[in-house]
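Mapped onto our numbering, the consecutive letters of the sequence shown carry residue numbers 6 to 1089. Positions of the beta carbon are idealized from the N, C-alpha and C atoms, including for glycine. The structure under discussion appears below in the form of structure tokens.
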Amino acid sequence: MATSSGKTSTPTPLASKRPLPKDPSSEVPSKKKSSAPPLSLSGHFVEGSIVRIAMENFLTYDICEVCPGPHLNMIIGANGTGKSSIVCAICLGLAGKPAFMGRADKVGFFVKRGCSKGMVEIELFRSSGNLIITREIDVAKNQSFWFINKKSTTQKVVEEQVAALNIQVGNLCQFLPQDKVGEFAKLSKIELLEATEKSIGPPEMHRYHCELKNFREKEKQLETSCKEKTEYLEKMVQRNERYKQDVERFYERKRHLDLIEMLEAKRPWVEYENVRQEYEEVKLARDRVKDEVRKLKDGQIPITRRIEEIEMQRHNLEAQIKAKATDIKETSQKCKQKQDVIERKDKHIEELQQALTVKQNAELDRQRRISNTRKMIEDLQNELRTTENCVNLQPQIDDITNDLRRVQDEKESCESEIIDKLKERETLEKEKKSVNDQIVQFDNLMNQKEDKLRQRYRDTYDAVLWLRNNRDKFKQRVYEPIMLMINMKDNKNAKYVENHIPPNDLRAFVFESQEDMEVFLKEVRDNKKLRVNAVIAPRSSYADRAPSRSLNELRQYGFFSYLRELFDAPAPVMSYLCSQYHIHEVPVGTERTRERIERVIQETRLKQMYTAEEKYVVKTSFYSNKVISSNTSLKVAQFLTVTVDLEQRRHLEEHLKEINRKLQAVESGLIALREKNKHLEHKDNELRQRKKELLERKNKKRQLEQKISSKLGSLKLMEQDACNLEEEERKANTKIKEINVQKAKLVTELTNLIKICTSLHIQKVDLILQNTTVISEKNKLESDYMAASSQLRVKEQHFIELDENRQRLLQKCKELMRRARQVCNLGAEQTVPQEYQTAFQDLPNTLDEIDALLTEERSRASCFTGLNPTVVEEYTKREEEIEQLTEELKIKKVELDKYRESISQVKERWLNPLKELVEKINEKFSNFFSSMQCAGEVDLHIENEEDYDKYGIRIRVKFRSSTQLHELTPHHQSGGERSVSTMLYLMALQELNRCPFRVVDEINQGMDPINERRVFEMVVNTACKENTSQYFFITPKLLQNLPYSEKMTVLFVYNGPHMLEPNRWNLKAFQRRRRRITFTQPSQ
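So this is what it looks like as structure tokens:
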């Protein structure tokens, strides 16, 4: 098998498909390999005709050899027998591309299934010796190995040999395979002209056409280039004329600029001379100031010496003043110490007086507290006398204690039950959360399926939302799209279901009632304009029907399940799928099934089955009762990969309801227990309060007695703590007298110290007055010195300024000299050139006159606005460019004239023969259509006579007298009309064709019987003429009573379960048997 949807062989494993001969001219032996046609026919073959086609392990053939005739070869056989395999062998054997056949893009797919190598051999007639081309195909490497006359070669050499014989398997006018018949009508007029030129035109015609297109392209480029250069040249000339006046103004401006340059050259020399004279004047003034400074410095020396003497005297006086100040400080410190001692004595007296006052206040407070305590004791004794005698309260207290213990036990039991209930509620809530999480996961999976539905089929998704909100409008249950209802048991099996059920049914709603479906479609399709599908489930259920064959019987082939068992779905949905797609009858297998697929097809007679990655469909041929299978690769699943276990979800929802019921029961129990606990709490508080009151009554007398005893003890202690105020007052007065004596002694000592301190202050003031006199004299001398110094500084500053000015002028002179030499381009030792000296004599000699003249010349130069130094350069450059462009334009025009002359010559050699060729094609094409009572014509379509790449051949046909001629297109005519037009055009090319053979595969399939008969007659008459090329006509069926010619070769392709093996086929024995049958028939 070569493709993923190929044809399998008959039940006999070794059987091969071999065409059987009709007569000696159509014999197709299976083993014979001839290198040349029979001698009697070799003279009729044209160069490049096919003499022999041999195939081995190629598509449907094991080994087959075909020997076509030199004229018309009719290859006839039922569909699937291998007719088109011969066409594929011709194409691939002559170095054609696999994709051109429209079957597969890899050459390895053309090797028979199960074989590792295949071979195609084509023998072409050539007067110098036949050319045998062999192509061996390696499936594993997808490579071809080429041989010419049994010698290894390359594909390029083969292509060159084939092209030398004018064989073009890629030209639809020569080679028209079955899958390309429709493409002939799709050829554009330009493509049809190119194919016709290559097919029947002289070898040079297509070359001339290509040269014309190239010449025309060059001509366009040269025309464009000449036009652009001419326009550019005109612009350049106009621009130079426009700039001519600017150039003249530029030179006038240059004269002014030269004068300005000379003035600017002289100006630094004049400026240098002025500064040099100023420098000499400043130098003389600086020397005069220098002498004045020296004299002022000599007059300051005596003043400086006197100031130093007075400064020494001032230092001695300040030292004496400092010593007196130290003595005064020491005496003052002693005075302060005496004052501090006196103050401490005063403070001690005050403390003694305060201590006596505190003791007096404490005694008064003690007397008051004693009085208060006696009164309090008296009140407590009165209360104790008035208190009633207490009865025995202990039995009552014991009863309350027992009741309190019983209430506490009940309360603990109730609280324990509350804790148990809370734990139970917590457990149930956790379980509820877990179940809710699982349901959310299921809902998320369902949402994923709904999201896929919304993204791919938005109308269906909108209809699902409408259905969920309007279920009350339907009498019976309506099921959402099948893809939402199906739940895969294993995600990896989703691809089988999606490849088996078409997308239109996967998104279909399932109804149990016709009336409900009409209501739904009216609302959704008609009113909401949504594109949705709907189906009705069968009335009788198919969901539980058993398969015709037990799965156990099929397990030996690798089958593991039927499609129905791979998923769950509601019964009506499953019933519809079983009735419509027989999912209960379609088994699913593994890679093991694919490996033995031929045995599975032969032995199980299953109509549909799945392997790991492929789907197989088995049919029986209407012609030969042969079993034909096709296989397609499985597409990746898109919608059913999400699995939702609806039964488990239903169980979870029931479990959730049970949990909610238990939670309600627990909550009710908690409320009751809390009310009971609250009641017990209240009773406990009441009992505690009663017990407290009884205990307080029992303990009150004992408390009063204890308080009276405590107060009596306190009273005794206060009476014992008495104080003698008179004794304390006497002791305090004695101490105060002693302190006053000490204080008087200290006052006497303080008075003496104050006198000494006063004497020291007088001495210090006398020294300060002396020091002040000395400082006054010093200040006067310093003032005189400062005045002289100020005058000296002024002179020194003046000297510095003059010296700096001298240095500045010196540097300026040097700078001006350097700049002046730089302007004149002079070195350090060079003198001013004579030309500059001569020019400077005619110019002003002062800076003002030079500046005035500069200003005037600059003003004149500035009047020439819009000019720049590049104007003249551009003008000159443009003049040179104009001259160069003029020369180039002459060369281009000469080249353009040569191309036009070449075009004229090539056009005459190409167009006239082409018109004659098209006229001949049109004549034959029109005659063919006229013989069919139709009309047709072929003409050369020209949009623009100069656009040679737009030339094309236009075919116009008319099949009814009431219509006009219409151009042949893929859309205007029917399929049969296009086939007739294509066939007649190819027939019109037949007598004109220079190619060695032509192949047309099943072009009569779309024709009605009348047109088919007429076309067949034309094919026979045209292809069987002398000196015509070889013709292959492939068809699966023919009409009865068709005309045949002696020059025809009819090749029958047979296929069936009783075919002989290749090694048992004997052509001569078959011919003898046929002759015996022919001779014995009359006697009977």
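Quick check on F964: does DSSP put it in helix, strand or coil? coil
Segments of 4+ residues assigned as alpha helix (DSSP H) that fall wholly inside the region 516-552: 519-526
Buried or exposed for D521, going by 16 or more other Cβ atoms inside 10 Å? buried
R1069, DSSP secondary structure in three states: The DSSP-derived three-state label of R1069 is helix.
Check whether the Cβ atoms of M490 and P575 lie closer than 8 Å to each other. yes
Should C1000 be labelled buried (16 or more other beta-carbon atoms within 10 Å of its own) or exposed? buried
Check G98 in the structure and name its three-state DSSP category. The DSSP-derived three-state label of G98 is helix.
Would a C-beta distance cut-off of 8 Å place L699 and I402 closer than the cut-off? It is a contact, given that the beta carbons lie within the stated cut-off.
Whole-angstrom Cβ separation of F1057 and V1005, contact assumed at under 8 Å? Going by Cβ atoms, the distance from F1057 to V1005 rounds to 18 Å, so no, they are not a contact pair.
Can you tell me which residues form a DSSP beta bridge with K122? Secondary-structure assignment with DSSP links K122 through a beta bridge to D143.
Given this structure, state the Cα-to-Cα distance separating N1060 from T86, to the nearest angstrom. 6 Å
Taking L217 as the reference, give the member of Y956, S1050, I664 with the closest Cα. Y956
Thinking C-beta only, is D414 closer than 8 Å to L692? no
What residue from R554, Q643, K640, H656 has the CA that sits closest to E608's CA? R554
Nearest residue (CA-CA) to D495, options N665, F572, Q481: F572
Would you call the region 744-764 and the region 340-347 in contact, with 3 or more CB pairs under 8 Å? yes
K146 to F50 span [Cα, whole Å]: Going from the Cα of K146 to the Cα of F50 covers about 37 Å.
Considering I58, what are the terminal residues of the beta strand (DSSP E) in which it resides? 55-63
Should R463 be labelled buried (16 or more other beta-carbon atoms within 10 Å of its own) or exposed? By the 10 Å Cβ count, R463 comes out exposed.
Between the CA atoms of H589 and S638 - distance to the nearest angstrom: 22 Å
Are the Cβ atoms of S89 and F63 separated by less than 8 Å? no
Which same chain residues end up closer than 7 Å to R482 when comparing Cβ atoms and leaving out the 5 residues on each side of it in sequence? E517
For E1007, report the span of its alpha helix (DSSP H) as first-last. If you look at E1007, you'll find it isn't in any alpha helix (DSSP H); DSSP assigns it neither H nor E.
Do you know whose CA, among Y237, S714, R221, D332, lies nearest S764's CA? Looking at the Cα atoms, D332 is the closest of the given residues.
Could you check how far apart the C-beta atoms of L970 and L945 are, in whole angstroms? I think they sit under 8 Å. That pair is no contact at about 16 Å.
Which first and last residues belong to the beta strand (DSSP E) in which Y562 is found? Here Y562 belongs to no beta strand (DSSP E), and DSSP marks it neither H nor E.
Taking the alpha helix (DSSP H) that K920 belongs to, which residues open and close that run? 875-936
From I744 to L389, what does the alpha carbon distance come to, in whole angstroms? 59 Å
Please classify T13: does DSSP put it in a helix, a strand, or coil? Unreliable positioning characterises T13 in this predicted model, as indicated by a pLDDT of 31, which lies under 50. A coordinate reading is not provided.
The alpha helix (DSSP H) enclosing K155, as first and last residue numbers: No alpha helix (DSSP H) contains K155, which DSSP labels as neither H nor E.
Does the beta-carbon distance from I55 to I95 come in below 8 Å? yes
Assigned secondary structure, K620 (DSSP; H/G/I helix, E/B strand, else coil): strand
Which residues bound the alpha helix (DSSP H) around T843? That run of the alpha helix (DSSP H) goes 839-846.
Which residue's Cα is closest to the Cα of R876: R610, Q250, R131? Before going further, note that residue 876 is Val rather than Arg in the sequence given. That would be Q250, whose Cα lies nearest to the Cα of V876.
Among residues of its own chain, excluding the 5 on either side of I306, which ones have a beta-carbon nearer than 8 Å to its beta-carbon? none
Quick one: Cα of D771 to Cα of I780, how far? In this structure, the alpha-carbon of D771 lies about 15 Å from that of I780.
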